[in-house]
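One structure is given here, and the rest of the page talks about it.
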Amino acid sequence: MKNRVYLKIKKFIEKNNLIQYGDKIVTGVSGGADSVLLFIVLAELAAEYCLKICAVHINHGIRGEEALRDEQFTAGLVSKYGFDCRIFHKDIPALASRLKLTEEEAGRRYRYECFESVRKELDYDKIAVAHHKDDQAETVIFQLVRGSGIKGLGGMKPSNGNIIRPLLDIRRSEIEETLNIEGQVYCIDSTNADTGYARNRIRNDILPYIAENIQPAVIERLAATAAQLRDVYSYIGKQAAELYADIVKEEDGYCSASADLLAGEDKVMQREVLMYMAGYVAGRRKDITSRHIELLESLLDKHTGKRISLPYGMCAGMDYGRIWIKKADLDTSGQQGGHASVSTVEKIDIKVPGSIELEYNNREKHIILFKREHINLQKFSDIIGKNYCTKCFDYDKIKFMPQFRHPLSSDYMWLRTDGSRKKLSRILIDSKIPANERSRLWVLAERNHILWIPSMGRCSAYYYVTDGTKEVLYAKIIKEEEKN
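Residue numbering for the sequence shown follows this note's numbering, beginning at 16 and increasing consecutively.
And the structure:
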């Protein structure tokens, strides 16, 4: 097969550097016209490029005998060309119900999981899929009505990571015409006419209407616009990535940025940085729409304590000049100043003498050494000169062995030696500790009485050393590199 369409596809592959000599490629083959042409093109290129090819077919458990027909057809076609074929079976309607997804989305996810599992198993380089120019036009309209922003309106890229799309510059009509000329049969999926699927409504109703009544070249125009928007987004994305690196702090499913710095940027940069932040926490950007970014933007004008919900179990808020996004389950109470329940608190018993390791202050690891000794007035007077790294406690006042843990709602500290006390939650609020960080602080506690907050250098007045103190508990902080 060396016809015009084949040469056009090959030129597109070369222009976008989609295939290199010696590549090992997993390709999806459904049996439909698009994937059949893609497979045949790759098979034709195999000798020239020294390619290894493995076809993957998925039976979605939807079309009964018709799906079995497609499976058998695909196995026969791949065998004819002498390549390996892997076949997977899955009840996609059941999967969609379980995951609360549409059958379209559940099927897409499962297909790519299969492609990737075979690629990893065989140690192959790339995954080739059969998206073409008509698919690109459908994607642009689909993303437009979803409010996906500039990136979404750019549609699909010729390559994205290890996924390549060699047919992206070819019309569906060209695919079918080429196969007919070559005498190559293919399967027709009856569900393509089912307007219960969103993409089918765009394909069968919306695009034909536009072509007939508004713009005959709608497919070409949408594909060209998508290409231009990808170039625009490439530039914006580079600028936003630099800004993101400068102002955003990332930490295990949580990120935050200075609201003042972000508000001072152009709206385009604001939105893109907020999208980057949401994408970092979620691990993906799909289903994060312009509406969600607008909600995040609204936080920039709000006071401390404002909260919003986002997809993928995320929440966002504003606290003391910083806008943040995190997984909602990182916060165990959802109340400002709230703390983890006893059942969820991690506890570390201290030993005297002994040492423990803690991570705090931007997750820097510290070692805290504990020892107990009879008071030495000269040594004590040297230590109490506001030495941040060593703390002293009246050991005789400690009735239960203290533990390091995270805060509880019932915790308190003595503010003065006269017995006046304050709830720990109020101390943290008054100290402007962001709500999302309060539940992750480490505190040294004797039951609900907090002796010490290492990251703040604050101790309870109850345990101060006095003239009547006989034994002192010393806690000395050193960095990990100092432990030897």
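Glycine included, every Cβ here is placed at the ideal spot set by N, Cα and C.
Source: prediction; values computed, not measured.
- Item | Close beta carbons around H147, own chain, < 7 angstroms, minus the five adjacent residues each side | Taking the sequence shown and counting its residues from 1, one reaches residue 147 at position 132. Taking H147 as the centre and dropping the five residues before and after it, the same chain places the C-beta of D49, L182, L183, I185, R186, R187, I190 closer than 7 angstroms to its C-beta, in chain order.
- Message: Please classify P326 as buried or exposed, where buried requires at least 16 other C-beta atoms within 10 Å of its C-beta.
- Response: In the sequence shown, residue 326 corresponds to position 311, counting from 1. A residue is called buried once 16 or more other Cβ atoms fall within 10 Å of its Cβ, and P326, having fewer, is exposed.
- Buried or exposed: I28, going by 16 or more other Cβ atoms within 10 Å of its Cβ? As a position in the sequence shown, residue 28 is number 13, starting the count at 1. Counting other Cβ atoms within 10 Å of its Cβ, I28 reaches 16 or more and is therefore classed as buried.
- Message: Rounded to the nearest angstrom, what separates K105 and G76 at their Cα positions?
- Response: Numbered from its first residue, the sequence shown carries residue 105 at position 90. Numbered from its first residue, the sequence shown carries residue 76 at position 61. Per the coordinates, the alpha-carbon of K105 lies some 6 angstroms from the alpha-carbon of G76.
- Message: Quick check on the DSSP output: the beta strand (DSSP E) that includes I102 runs from which residue to which?
- Response: Residue 102 sits at position 87 when you count from the first residue of the sequence shown. In the DSSP annotation of this structure, the continuous segment of the beta strand (DSSP E) that includes I102 starts and ends at 99-104.
- Item | Coil, strand or helix - M416 by DSSP | Position 401 of the sequence shown, counted from the first residue, corresponds to residue 416. Reduced to three states, the DSSP call for M416 is coil.
- Message: Can you check which of these residues, D149, L110, L194, R337, is closest to I448 by C-alpha distance?
- Response: As a working note, residue 448 is residue 433 in the sequence shown. Checking every option, the nearest Cα to that of I448 belongs to R337.
- Message: Looking at A143: is its Cβ nearer than 8 angstroms to the Cβ of I179?
- Response: The residue you call residue 143 lines up with position 128 of the sequence shown. The residue you call residue 179 lines up with position 164 of the sequence shown. Going by C-beta atoms, A143 is nearer than 8 angstroms to I179.
- Start-to-end residues for the beta strand (DSSP E) that takes in S271: As a position in the sequence shown, residue 271 is number 256, starting the count at 1. Taken as a continuous stretch (DSSP letters only), the beta strand (DSSP E) holding S271 covers 269-273.
- Task: Would you kindly work out how many angstroms separate the C-alpha atoms of L310 and V56, rounded to a whole number?
- Result: Against the sequence shown, residue 310 aligns to sequence position 295. Against the sequence shown, residue 56 aligns to sequence position 41. A direct Cα-to-Cα measurement between L310 and V56 gives close to 46 angstroms.
- Item | chain C contact for R186 (CB, 8 angstroms cutoff) | Here there is only one protein chain, and chain C is not present.
- Message: Considering only their Cβ atoms, is the gap separating A145 from A238 smaller than 8 angstroms?
- Response: Within the sequence shown, the letter at position 223 stands for residue 238. Within the sequence shown, the letter at position 130 stands for residue 145. Not in contact: A238 and A145 (Cβ atoms no closer than 8 angstroms).
- Are three or more beta carbon pairs between the region 65-85 and the region 160-180 nearer than 8 angstroms? Contact between the region 65-85 and the region 160-180 is absent: fewer than 3 CB-CB pairs across the two stretches fall below 8 angstroms.
- Item | Three CB pairs or more closer than 8 angstroms across the region 67-76 and the region 34-51 | With a cut-off of 8 angstroms, the region 34-51 and the region 67-76 count as touching, because enough Cβ pairs lie within range.
- Query: Any idea if K485 is buried or exposed, counting beta-carbon neighbours within 10 angstroms, 16 or more meaning buried?
  - Reply: Translated into positions along the sequence shown, residue 485 becomes position 470. Around the Cβ of K485, a 10 Å sphere holds fewer than 16 other Cβ atoms; the residue is exposed.
- Y478 versus Y212, N215, W429, I196, residue with shortest Cα-Cα distance: To locate residue 478, count along the sequence shown from 1; it is residue 463. Comparing Cα positions, the closest option is W429.
- Item | For N207, the residue or residues it bridges with in DSSP | Taking the first residue of the sequence shown as 1, we reach residue 207 at position 192. N207 is not bridged to any residue.
- Message: With three or more beta-carbon pairs closer than 8 angstroms as the criterion, would you say the region 420-440 touches the region 455-469?
- Response: With the cut-off at 8 angstroms, the region 420-440 and the region 455-469 touch.
- Message: Is it buried or exposed, E257, if we count other Cβ atoms within 10 angstroms and call 16 or more buried?
- Response: Here the question's residue 257 lines up with position 242 in the sequence shown. Taking a 10 Å sphere around the C-beta of E257, we find fewer than 16 other C-beta atoms and assign the residue as exposed.
- Item | Distance, Y259 Cα to V288 Cα | For the purposes of this step, residue 288 is taken as residue 273 along the sequence shown, with counting starting at 1. For the purposes of this step, residue 259 is taken as residue 244 along the sequence shown, with counting starting at 1. Using only the alpha carbons, I get a separation of about 6 angstroms.
- Item | 6 angstroms Cβ shell around V51 - same chain, five flanking residues per side excluded | Counting from one through the sequence shown, the residue named residue 51 turns up at place 36. Y201, listed in sequence order.
- Reducing DSSP to helix, strand and coil, say where I493 ends up. Taking the sequence shown and counting its residues from 1, one reaches residue 493 at position 478. I493 falls in the strand class under three-state DSSP.
- Integer-rounded CB distance, given that M329 should sit under 8 angstroms from A293: The residue labelled residue 293 in the question sits at position 278 within the sequence shown. The residue labelled residue 329 in the question sits at position 314 within the sequence shown. Indeed, because the Cβ distance is near 7 angstroms, the residues count as touching under 8 angstroms.
- Message: Check this for me: beta carbons of R78 and S273, under 8 angstroms apart or not?
- Response: What you label residue 78 is simply residue 63 of the sequence shown in a count that begins at 1. What you label residue 273 is simply residue 258 of the sequence shown in a count that begins at 1. Not closer than 8 angstroms, so no.
- Message: Suppose the cutoff is 7 angstroms on Cβ atoms and the five residues either side in sequence are ignored; what does the same chain contact list for A460 look like?
- Response: Indexing the sequence shown from 1 puts residue 460 at position 445. The answer, listed in chain order, is P417, Q418, R420, D426, L466.
- Helix, strand or coil for N195, going by three-state DSSP, please let me know. For the purposes of this step, residue 195 is taken as residue 180 along the sequence shown, with counting starting at 1. In the structure shown, N195 sits in a helix (DSSP, three-state: H, G or I).
- Message: Going by C-alpha to C-alpha distance, which of F408, A490, R436 sits closest to D482?
- Response: Here the question's residue 482 lines up with position 467 in the sequence shown. From the listed residues F408, A490, R436, the smallest Cα separation to D482 is found for F408.
- Query: Between which two residues does the alpha helix (DSSP H) carrying I225 extend?
  - Reply: Position 210 of the sequence shown holds residue 225. I225 -> alpha helix (DSSP H) spans 222-228.
- Query: Hey, out of K412, L110, K386, whose CA is closest to T405's CA?
  - Reply: Within the sequence shown, residue 405 is the residue found at index 390, counting from 1. That would be K386, whose Cα lies nearest to the Cα of T405.
- Query: In chain order, what residues of the same chain have a beta carbon less than 7 angstroms from the beta carbon of I371, not counting five sequence neighbours either side?
  - Reply: For this step, residue 371 is matched to residue 356 along the sequence shown. Contacts found: I363, I365, I383, F419.
- Item | Other residues of its chain near I196: CB distance less than 6 angstroms, five sequence neighbours each side excluded | Sequence index remark: in the sequence shown, residue 196 carries index 181 (1-based). No residues qualify anywhere along the chain.
- Query: Would I203 be called buried (16 or more neighbouring beta carbons within 10 Å of its own) or exposed?
  - Reply: Within the sequence shown, numbered from 1, the residue matching residue 203 stands at position 188. Its Cβ having fewer than 16 others within 10 Å, I203 is exposed.
- Can you tell me whether R126 is buried or exposed, with buried defined as 16 or more other CB within 10 angstroms of its CB? As a working note, residue 126 is residue 111 in the sequence shown. With 16 or more Cβ atoms within 10 Å of its Cβ, R126 is classed as buried.
- Message: Give me, in chain order, the residues of the same chain whose beta-carbon lies closer than 8 angstroms to that of A90; leave out the 5 immediate sequence neighbours on both sides.
- Response: Taking the first residue of the sequence shown as 1, we reach residue 90 at position 75. Once the five neighbours on either side are set aside, the close Cβ partners of A90 are H72, C100, I102.
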